[in-house]
Every structure is written in structure tokens, then in C-alpha cells.
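>
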Amino acid sequence: EAGVTQFPSHSVIEKGQTVTLRCDPISGHDNLYWYRRVMGKEIKFLLHFVKESKQDESGMPNNRFLAERTGGTYSTLKVQPAELEDSGVYFCASGVSLVEQYFGPGTRLTVT
Amino acid sequence: DQQVKQNSPSLSVQEGRISILNCDYTNSMFDYFLWYKKYPAEGPTFLISISSIKDKNEDGRFTVFLNKSAKHLSLHIVPSQPGDSAVYFCAASAIYGGSQGNLIFGKGTKLSVKP
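Listed in order, the protein sequences are those of chains A and B. One rule links them: number in this note's numbering = place in the first sequence (from 1) + 405. One rule links them: number in this note's numbering = place in the second sequence (from 1) + 133.
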């Protein structure tokens, strides 16, 4: 069974540009989460989808971040415009139930 | 304001000995706790979990202990192996309290197991 996949693995962009991160969850997993780890800090929750619906987006830093999950399958996280403090590793996780979350390898975002 | 704290950034143990990783939490609403293991350039991998109705859960070489009164949990690895060398994250959730499963993570402890 394929795990959670994320694309790209690494993205380097300039401040002010737009970046879109993609997450493909494990097939059949209705729950999809986005997390972020800024260097030297803990992994922090961003938002949670159940199928295509946003259940909790309390962790989204500001309105420069937009997450979507079209058709309840893959999800995208767009940052527009990117700022220096957005640099970090963005993880996606999926699960069948609330008690299990399988993480992808992450996308390392560097904003210069 | 960190709700989940791993106060030891690193731990070094000898192969074959016990590794004990500690985690403290402040939010009494947390009712489910997990340990994840992370290698460089990979995502966190689920290791073991425990719900607040238990005080111990064991899976092979890994045992998690929960002390609710002290708001403390620990992960024991016995015996430790060089392949266990990784960063270990403690995470907590208020699943049964309606949090929808979003995890609150500690900063991690880097475990090094020396041959």
C-alpha cells in the first residue's frame, strides 16, 4: 500500500512569490492534516480536512495560506505571497480514524 | 506557551541498554498520547500510543507509561539498538474531548544509540 506522498520535496522561492504544495493521502483516508515545522521549533498543526470539508483550520497562520481538498482526494496548500517566516518543512498526514495519522515525507520550503 | 514539553534535546545510550525518553504536558484535556520516530529527510513514523484510561502500553521493545496525576509520560526502549537512533516526538490530542485529532507535538529528543 502506497504511503502519503508530497510534492515537491523541496521548493526554493523568493519572497513575494507563490508556491503550491501538494499532498496525496493514503487511498481511503478521509482525514487529512497539514502541519508545519519551522527550524528549531515543534511541529505545529495547520488544518484538518474530513473528505473535502475543512473541520478545523485554527492553526493556519494568516490569510496568505489557502488549503483545498478537491473531491476529497489530494490536497493543496498555497502560500501567496510567501514571506521569509514561511520557511520550514510542511508535513501532510492522513488517517481513517482520528487516533491514527500517517505522515508524508514533507516538503521543505525555503523563502529567500 | 508549550503544552507538550520534551526537556531533553538529546540522549545517548549504549546498545543493549534501556533508553528512556520523557515528555510532560500541561493541558488536562489531553486524552490520547503518541510517540513518533523521525529519521532525517523523512516524515514522522508512528511508534506507539496510549489513551488516558491506561497507564501502560507495550509493543515489542517499546513501552509507554502514562502518569496522569503528574501529567507525564515516558517511552522505554529495551534493548536499545543502533537503528533506534532518530528524533523521537511526543504528541498529544484531546480526541475524546472533541479536538478532531489535531496533534500537539513536543520539540523532540534526539536519541543516539552507540554500538
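Beta carbons: idealized from backbone N, C-alpha and C, even for Gly.
Between the alpha carbons of L208 (chain B) and E175 (chain B), how many angstroms are there, rounded?
Taking the second sequence and counting its residues from 1, one reaches residue 208 (chain B) at position 75. Taking the second sequence and counting its residues from 1, one reaches residue 175 (chain B) at position 42. So the alpha carbons of these two residues sit roughly 21 Å apart.
> Examine chain B for any beta-carbon lying closer than 8 Å to the beta-carbon of L503 (chain A), and answer yes or no.
Along the first sequence, read from residue 1 onward, the residue named residue 503 (chain A) stands at position 98. Chain B places a beta carbon closer than 8 Å to that of L503 (chain A), counting this residue as a contact.
> Determine whether the Cβ of K170 (chain B) lies closer than 8 Å to any Cβ atom of chain A.
Along the second sequence, one-based indexing puts residue 170 (chain B) at 37. Cβ-Cβ to chain A under 8 Å: no for K170 (chain B).
> Let me confirm a value: A203 (chain B) is counted as buried when at least 16 other C-beta atoms fall within 10 Å, else exposed. Which label applies?
The residue given as residue 203 (chain B) occupies position 70 in the second sequence. Burial call: exposed.
> When the Cα atoms are used, what is the spatial distance from E191 (chain B) to C497 (chain A)?
Counted from its first residue, the second sequence places residue 191 (chain B) at position 58. Counted from its first residue, the first sequence places residue 497 (chain A) at position 92. Straight-line Cα distance between these residues: approximately 27 Å.
> For a test of the three-state rule: what should DSSP assign to E490 (chain A), helix, strand or coil?
Taking the first residue of the first sequence as 1, we reach residue 490 (chain A) at position 85. The answer is helix: DSSP assigns E490 (chain A) an H, G or I state.
> Going along chain B, which residues have a C-beta under 8 Å from G493 (chain A)?
Stepping through the first sequence from its first residue, residue 493 (chain A) is reached at position 88. Per Cβ cutoff of 8 Å: no residues; G493 (chain A) is ~13 Å from chain B at best.
> Across which residues does DSSP place L121 (chain B) in a beta bridge pair?
Residue 121 (chain B) is absent from the structure shown; chain B starts at 134 and stops at 248.
> Using the rule of at least 16 other Cβ atoms within 10 Å of the residue's Cβ for burial, across every protein chain shown, is K459 (chain A) buried or exposed?
Within the first sequence, numbered from 1, the residue matching residue 459 (chain A) stands at position 54. Exposed, since its Cβ has fewer than 16 Cβ neighbours within 10 Å.
> When the distance is taken between beta carbons, is V137 (chain B) closer than 8 Å to Y158 (chain B)?
Along the second sequence, read from residue 1 onward, the residue named residue 158 (chain B) stands at position 25. Along the second sequence, read from residue 1 onward, the residue named residue 137 (chain B) stands at position 4. A contact, by the Cβ cut-off of 8 Å.
> Taking only three categories from DSSP, how would you classify G464 (chain A)?
Taking the first residue of the first sequence as 1, we reach residue 464 (chain A) at position 59. Correct three-state label for G464 (chain A): coil.
> For L437 (chain A), write down the residues that DSSP places opposite it in a beta bridge.
Numbered from its first residue, the first sequence carries residue 437 (chain A) at position 32. Answer is A:F454, A:S499.
> Is there a Cβ from chain A that is less than 8 Å from the Cβ of F222 (chain B)?
As a working mapping, residue 222 (chain B) is identified with position 89 in the second sequence. Yes - at least one Cβ of chain A is within 8 Å of the one on F222 (chain B).
> From this set, B:E148, B:N140, B:L206, which residue's C-alpha is nearest S184 (chain B)'s C-alpha?
As a working mapping, residue 184 (chain B) is identified with position 51 in the second sequence. The residue with the shortest Cα to Cα distance from S184 (chain B) is B:L206.
> Spatial neighbours of Q147 (chain B) within its chain, please: C-beta separation below 7 Å, excluding the five flanking residues on both sides.
The residue labelled residue 147 (chain B) in the question sits at position 14 within the second sequence. The answer, listed in chain order, is K247.
> Return the residue from the list B:A224, B:S145, B:N140 that minimises the CA-CA distance to S213 (chain B).
As a working mapping, residue 213 (chain B) is identified with position 80 in the second sequence. Measuring from the Cα of S213 (chain B), the nearest candidate turns out to be B:S145.
> Where does R441 (chain A) land, buried or exposed, given buried means 16+ other C-beta within 10 angstroms?
On the first sequence, residue 441 (chain A) is found 36 positions in, with the first residue counted as 1. The residue is buried, with at least 16 neighbouring Cβ atoms inside 10 Å.
> Is there at least one Cβ from chain A nearer than 8 Å to E191 (chain B)'s Cβ?
As a working mapping, residue 191 (chain B) is identified with position 58 in the second sequence. Cβ-Cβ to chain A under 8 Å: no for E191 (chain B).
> Use the C-beta contact count for G493 (chain A): other C-beta atoms within 10 angstroms, 16 or more gives buried, fewer gives exposed.
Sequence index remark: in the first sequence, residue 493 (chain A) carries index 88 (1-based). Classification for G493 (chain A): buried.
> Use the C-beta contact count for K171 (chain B): other C-beta atoms within 10 angstroms, 16 or more gives buried, fewer gives exposed.
For the purposes of this step, residue 171 (chain B) is identified with residue 38 of the second sequence, where counting begins at 1. Its Cβ being crowded by 16 or more others within 10 Å, K171 (chain B) is buried.
> Is the Cβ of E447 (chain A) closer than 8 Å to any Cβ of chain B?
As a working note, residue 447 (chain A) is residue 42 in the first sequence. At least one chain B Cβ lies under 8 Å of E447 (chain A).
> Judging by CA-CA distance, which residue of A:V424, A:C428, A:I448, A:Q411 is the nearest neighbour of Q135 (chain B)?
Within the second sequence, numbered from 1, the residue matching residue 135 (chain B) stands at position 2. Measuring from the Cα of Q135 (chain B), the nearest candidate turns out to be A:I448.
> Taking the CB atoms as reference points, tell me whether D461 (chain A) and N235 (chain B) lie closer together than 8 Å.
Looking up residue 461 (chain A) in the first sequence gives position 56. Looking up residue 235 (chain B) in the second sequence gives position 102. In this structure, N235 (chain B) lies closer than 8 Å to D461 (chain A) by Cβ.
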